[in-house]
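What follows is a set of notes on a single structure, which appears directly below.
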Amino acid sequence: MDLSLSTETVGDRTIVKVGGEIDVYTAPKLREQLVELVNDGNFHLVVDMEGVDFLDSTGLGVLVGGLKRVRAHEGSLRLVCNQERILKIFRITGLTKVFPIHASVEEAVAATD
């Protein structure tokens, strides 16, 4: 399966809608997208993972790298995920303490830093 990416802006937040699998083959595409957004001055990102079917350690690394990039600019990176199998990966790795994880895009956009 491939990775689909689309972006939209809501207020000062940029929403990155991700679909498919984030793995060793597709993660570079997501990394490029996050780097490009930060380089263009988008420092408050919401990564909508509702359409993600699979996430591996490479994908987690890309998300952590994205978080480091936005934090270097006093920004934020929030995740939207309501799939138990994906949430379990964040719990097992302890990344629920690192990423704010929301049940919906609306909730993530409304959240304050």
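Residue numbers (my numbering): 127 to 239. Virtual Cβ for every residue (Gly too), placed ideally from N, Cα, C. Please read all numbers here as calculations on a predicted model, not as lab measurements.
CA-to-CA distance, residue j to residue i, given in whole angstroms
i, j, result
"S183", "E200", "26 Å"
"G185", "V150", "7 Å"
"L160", "G192", "6 Å"
"K194", "T219", "17 Å"
"G137", "L171", "11 Å"
"L156", "D128", "11 Å"
"D166", "V196", "11 Å"
Extent of the continuous beta strand (DSSP E) run through residue i
i, result
"S130", "L129 to V136"
"E147", "R139 to I148"
Paired residues, beta bridge with residue i - DSSP
i, result
"R119", "The requested residue 119 does not occur in the structure, where the chain is confined to residues 127 to 239."
"I227", "L205"
"E178", "For clarity, residue 178 is Val in the given sequence; the question names Glu instead. Answer by DSSP bridge pairing, in chain order: G146."
Cβ separation of residue i and residue j, assumed to be a contact under 8 Å, to the nearest whole Å
i, j, result
"V142", "T133", "5 Å"
"T152", "G146", "7 Å"
Residue interval of the alpha helix (DSSP H) (run including residue i)
i, result
"T184", "S183 to R197"
"T219", "E210 to T219"
"A153", "A153 to N165"
Decide if the stretch 174-184 is in contact with the stretch 204-221; the criterion is three or more beta carbon pairs, one per stretch, under 8 Å apart.
Below 8 Å, enough C-beta pairs join the stretch 174-184 and the stretch 204-221 to call them touching: three or more.
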